[in-house]
Amino acid sequence: MSDYAIDVSGLVKRFDNKVAVNGVDIKMPKGQVWGFLGPNGSGKTTTIRMICGLLQPSEGKGQCLGFDILKQSAQIKNLTGYMTQKFSFWGDLTIRENLEFVARLYQLKNIKQIVDNTLANLGLTHRQHQLAGALSGGWKQRLALAAVTMSNPKLLLLDEPTAGVDPQARRDFWDEIHKLSAQGLTVLVSTHYMDEAERCDQIVYLANGELITQGSVDEIIKQADIVAFQLKGHGIREQLQSIKQEEGVSSAAYFGAAVHVCGKNADELKDCLHKYQSDDISLTQVDVNLEDAFIQMMANAGFDQRQHG
Ligand SMILES: Nc1ncnc2c1ncn2[C@@H]1O[C@H](COP(=O)(O)OP(=O)(O)OP(=O)(O)O)[C@@H](O)[C@H]1O
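What follows is the structure, given as structure tokens:
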């Protein structure tokens, strides 16, 4: 039995003339939580759908949970919980009624027991009689997570599960994901949020259908091989365009009242930013963050953020 929950190689998906995914390899060990990142339209959803057997690849092969993605999609679907971007439920049914309905769709036995356990596991017991339609965004996501975990899947594929949800609810949602992972589930989550990416064991970053980088947060930041400085103080925001033009600056962006600047070489960057420093404006070297690293890697790979962001 393979130690990998997902082991796919050379995945390609073409829609007519459009290449949505172009040669993606993913080898994901069981029991981990991985983040799937990349600009809009980079191929995350399409890849997820190929992995769980919902979409036939144009090229490529592989296994999901030990089953062939080309020939054994039914077995894969039985063991996978897939939370789509636009999950649906019945707004005029309660949380409990929604879960009972889903349990019947899955043809689960001992429905009362399973729904009780699922409600308890996801902290929904005290809300079980509330109408789903009246729930806030965060609780709706949690209901969706309850629905996809009820059949006791081995793999969770979550496609932007926290889009539009407030920070506390996102944090609570991630606590649930890690709780499920501690119970043995493997979880692949697509997200646009950097703080969520930082909660993952590994990150896979796609752009324009291609895998740009993969690794832990620390590995990706190291791979980017850049340094970052912060210019902070009155008047610095007006200088952004000028800073961007400086030789040695690979990217610059507002960070509140400060400008965050990245470049390849610390001495060179410090030299060219020195002239912006004054009694009012400080220049400090700061940690490179994940967003800096992705922007740099996109540039290295020849992608323009303005076209793909
Ligand atoms: N059924 C389809 N028919 C034609 N083109 C499609 C189809 N599904 C996806 N695409 C295209 O494939 C590309 C990748 O789309 P995909 O939804 O996989 O990206 P994504 O990374 O999940 O994007 P987002 O972050 O916006 O959800 C896009 O250009 C999209 O328009």
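Residue numbering for the sequence shown follows this note's numbering, beginning at 3 and increasing consecutively.
Cβ atoms here follow ideal geometry from the backbone N, Cα and C, with glycine treated the same way.
Residue range of the beta strand (DSSP E) that includes residue i
i   : result
Q1  : The question about residue 1 has no answer, for the chain in this structure spans 3 to 311.
I97 : First-last for I97: I97 to L107, but that is the alpha helix (DSSP H), not the beta strand (DSSP E).
M30 : K20 to P31
Selection from the options that minimises the alpha carbon distance to residue i
i    : options                   : result
I71  : L57, G83 and Y84          : L57
N42  : I78, I28 and Q87          : Q87
D161 : Y278, Q34, S4 and G45     : G45
G125 : A148, Q109 and I245       : A148
S192 : P31, A22, G40 and D282    : G40
T47  : H194, R173 and A301       : H194
G33  : L275, Q74 and K156        : K156
T215 : T49, L110 and M300        : M300
A314 : S183, D282, H236 and E249 : One cannot answer for residue 314 here, as it falls past the ends of the chain, which runs 3 to 311.
T151 : L81, F305, A230 and I245  : L81
M30  : S280, R129 and D5         : D5
R16  : A254, L67, N210 and G64   : N210
I297 : V35, N154, G25 and M196   : M196
Beta-ladder partner(s) of residue i, from DSSP
i    : result
L158 : G83 and V189
F257 : A260
G37  : V191 and I205
S284 : K234
Y278 : DSSP, once it has assigned bridges, lists no residue as partnering Y278.
V229 : G265
L213 : L208
L133 : T96
The alpha helix (DSSP H) enclosing residue i, as first and last residue numbers
i    : result
C66  : It is not in any alpha helix (DSSP H) - C66 instead sits in the beta strand (DSSP E) that spans E61 to C66.
D220 : V219 to A226
S252 : Here S252 belongs to no alpha helix (DSSP H), and DSSP marks it neither H nor E.
A7   : No alpha helix (DSSP H) contains A7, which is instead part of the beta strand (DSSP E) from Y6 to F17.
D197 : M196 to A199
E240 : Element bounds for E240: n/a, residue is neither H nor E.
T120 : I113 to N123
W92  : Where W92 is concerned, there is no enclosing alpha helix (DSSP H), given that its DSSP letter is neither H nor E.
I53  : K46 to I53
L145 : G139 to T151
L297 : According to the sequence provided, residue 297 is Ile. The question's Leu does not apply to it. I297 -> alpha helix (DSSP H) spans L292 to N302.
Cβ-Cβ separation, residue j to residue i (assumed contact under 8 angstroms), whole Å
i    : j    : result
G55  : I28  : So it is not a contact: roughly 15 angstroms between Cβ atoms.
F313 : L95  : Look at the range of the chain in this structure, 3 to 311, and you will see that residue 313 is not part of it.
R98  : V117 : 6 angstroms
F91  : A122 : Their Cβ separation, rounded to whole angstroms, is 19 angstroms, which puts F91 and A122 out of contact at 8 angstroms.
V10  : G62  : 6 angstroms
L242 : Y256 : 7 angstroms
V219 : I228 : At roughly 15 angstroms, the Cβ-Cβ gap does not stay under 8 angstroms, so V219 and I228 are not in contact.
A226 : A295 : 4 angstroms
I50  : L190 : 7 angstroms
L213 : L182 : Not confirmed; about 26 angstroms, so no contact.
V261 : R239 : 7 angstroms
E198 : G37  : 7 angstroms
Q287 : F231 : 5 angstroms
I223 : V35  : In fact, because the Cβ distance is near 18 angstroms, the residues do not count as touching under 8 angstroms.
Y108 : S153 : 5 angstroms
Residue i at chain D interface by Cβ criterion, 7 angstroms
i  : result
D5 : Protein chains in the displayed structure number just one, and chain D is not present.
inquiry  = As a quick check of your reading: which residues have a C-beta less than 5 angstroms from at least one non-hydrogen atom of ligand 1, in chain order?
reply    = With the cut-off at 5 angstroms, the residues found are F17, A22, N42, G43, S44, G45, K46, T47 and T48.
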